[in-house]
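These notes concern the structure reproduced below.
This is the structure:
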C-alpha cells in the first residue's frame, strides 16, 4: 500500500517546528509546551504503518446477458485493527451497481473478516474483467492514509440480448450436409416437389398411388432434401458513428449475434469475419461450441484505427466458402469495407448488406449549408445502396424504427423479385 500524508500533518509539523524554534530563540518554555501536542501528532503520523489487509472477490457466474443482475461478494480480512477502512470494487464499463453500497467505509477489529454483498446490473454487452478492489485505510488520528489495490480480476462476458426472429434468409445455395433448409435440388427429402413417371431404380415408398390409379401407370413423387447452408457474418469495424455511450458498432454486434444464433439453431454452419483495423476470422462451423466462439469473438470487436488498405485477399479462403451466404453488417462509412463488399459480390458470393444507419447519431447544424451537405450525403448513400442492388446484392437499413425482422423481410422481398426477373 502506498502512503500519503494529509495536509493537516504538514500544517502540524510546521506549527511544531515554529513553536520549538521560537522557544529556543526566545528561551520561553511555554512555547515549547504549546508546540508539544503538535509534535506528538506528527510523531504518531510518521510512525504509522500500513495495515496487513487481504481481500477476495467472488462472482456467482462468469457469463451473463444484457439486463441480468449478478451477485458479487467482497471479503476483506485484517490482522491488526483498522479504525477506518474504505473498500471499493472497481466497476468496468458496462456494469452498474444495482443494490448494495460501493464504496463503503467500516471499522475492523484485529483478526476480523467482513463480507460485503453487491448486486451488479449488466447494462451493455462487453468482455471485461471484474475483481479489482481499492482499499484506503487511515491512522488513528486521521493524518496519514494508506492506499492500495488488490487484483482479483476474472473474466466476465456479457452477451448481447438477441432479437426475436421468426424467419431467416434462404441461401441461394445449400451444402451437402443435412440441415433444416429446403434445397432447390430434387432428391430424398420431406418437402414435396413434383411427380414423374416411374423408372427402374425408384423406391417403392416413393410411388404416388393416387396418381398411379388415375393415370394407369406408376407415378413417383419427387422431393426437396433438407440441407444446411454456410453463412458468414461480415462485421465491418473500420469506422463507426457514435453519440455518447451508443454507436453503430453496438447495434452491429447485437445484430450479428442475433443472426449467428438463429442460423446455428437451424443447423447451419456459421463463420465470422471482423473486417477492421485488426482482422479477425472464424471458419464456419456448427454446434453449441461454435456459438460460444462466435459470441466471444464478437465481444472482442472494437474500432481499431488503421491507414492500411484492406481487401478480401487478406481473408483466408477457407473462411469464405464459394457457396456461402455472406451477410455484411456495416454502417457503410469506410471506403475500404465498401470496396471489399463490391469485390465479394463481383466474385460471385451470395451477398446481403444490412446497413446500420449512422444517421441517428448525426447532429446537423442550423446553417443552410449544413442542411445542403446533409441532403448531398443522403443522396450519396442512396446511390451506394442502388449500386449494390444493381449487382444483385440486397440492401436493408437498420435504424431505431426498423427491427432486424423487418429488415430481413425487405431482403426476402428483393430476392424474390430478383429471381422472378432472372427467370
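In this note's numbering, the protein residues as written are 4 to 426.
Each residue gets a CB set at the ideal place from its N, CA and C atoms; glycine is no exception.
Please determine, among the options, the residue with the shortest C-alpha to C-alpha distance to residue i.
| i | options | result |
| --- | --- | --- |
| residue 319 | 278, 291, 304 and 359 | 278 |
| residue 241 | 338, 149 and 369 | 338 |
| residue 316 | 236, 296, 290 and 343 | 343 |
| residue 76 | 382, 135 and 369 | 135 |
| residue 286 | 413, 233 and 302 | 233 |
| residue 254 | 301, 58 and 275 | 301 |
| residue 85 | 99, 104, 117 and 353 | 117 |
| residue 97 | 214, 67 and 110 | 67 |
| residue 130 | 157, 378, 153 and 151 | 157 |
| residue 394 | 359, 360, 351 and 404 | 351 |
| residue 153 | 214, 198, 78 and 163 | 78 |
Helix, strand or coil for residue i? Go by DSSP, reduced to three states.
| i | result |
| --- | --- |
| residue 316 | helix |
| residue 181 | With a pLDDT of only 48 at residue 181, under the threshold of 50, the placement of this residue in the model should not be trusted; the figure read from the coordinates follows. Looking at residue 181 - three-state DSSP - the assignment turns out to be strand. |
| residue 129 | strand |
| residue 353 | strand |
| residue 243 | coil |
| residue 225 | strand |
| residue 200 | strand |
| residue 158 | strand |
| residue 168 | coil |
| residue 408 | helix |
| residue 86 | strand |
| residue 339 | helix |
Whole angstroms is fine: what's the gap from residue i's alpha carbon to residue j's?
| i | j | result |
| --- | --- | --- |
| residue 401 | residue 210 | 48 Å |
| residue 250 | residue 364 | 7 Å |
| residue 390 | residue 336 | 15 Å |
| residue 121 | residue 175 | 51 Å |
| residue 411 | residue 170 | 8 Å |
| residue 216 | residue 173 | 36 Å |
| residue 71 | residue 125 | 6 Å |
| residue 269 | residue 376 | 44 Å |
| residue 1 | residue 108 | Residue 1 is absent from the structure shown; the chain starts at 4 and stops at 426. |
| residue 140 | residue 243 | 44 Å |
Only counting the same chain, and skipping five residues up and downstream in sequence, which positions put a Cβ closer than 7 Å to that of residue i?
| i | result |
| --- | --- |
| residue 114 | 82 |
Would you mind reading off the limits of the beta strand (DSSP E) that contains residue i?
| i | result |
| --- | --- |
| residue 287 | 283–288 |
| residue 102 | 98–102 |
| residue 72 | 72–81 |
| residue 400 | 397–401 |
| residue 207 | Segment: none, residue 207 is in no beta strand (DSSP E) and carries neither H nor E. |
| residue 272 | 272–279 |
Relative to the ligand HEM, is the shortest distance from any of its heavy atoms to the C-beta of residue i smaller than 7 Å?
| i | result |
| --- | --- |
| residue 107 | Absence of the ligand HEM is noted for the structure shown, with no ligands found whatsoever. |
Excluding the five sequence neighbours on either side, which residues of its own chain have a C-beta within less than 8 Å of the C-beta of residue i, listed in chain order?
| i | result |
| --- | --- |
| residue 392 | 398 and 417 |
| residue 219 | none |
Does the CB of residue i have a neighbour CB from chain D at under 8 Å?
| i | result |
| --- | --- |
| residue 329 | Included in the structure is just one protein chain, with no chain D present. |
With a CB to CB cut of under 6 Å and the five nearest residues on each side skipped, what residues in its chain are close to residue i?
| i | result |
| --- | --- |
| residue 102 | 122 |
| residue 166 | 261 and 407 |
Just reading off the alpha helix (DSSP H) that residue i is part of, what are its end residues?
| i | result |
| --- | --- |
| residue 381 | 371–393 |
| residue 216 | 212–218 |
| residue 64 | Premise fails: residue 64 is in no alpha helix (DSSP H) and is neither H nor E. |
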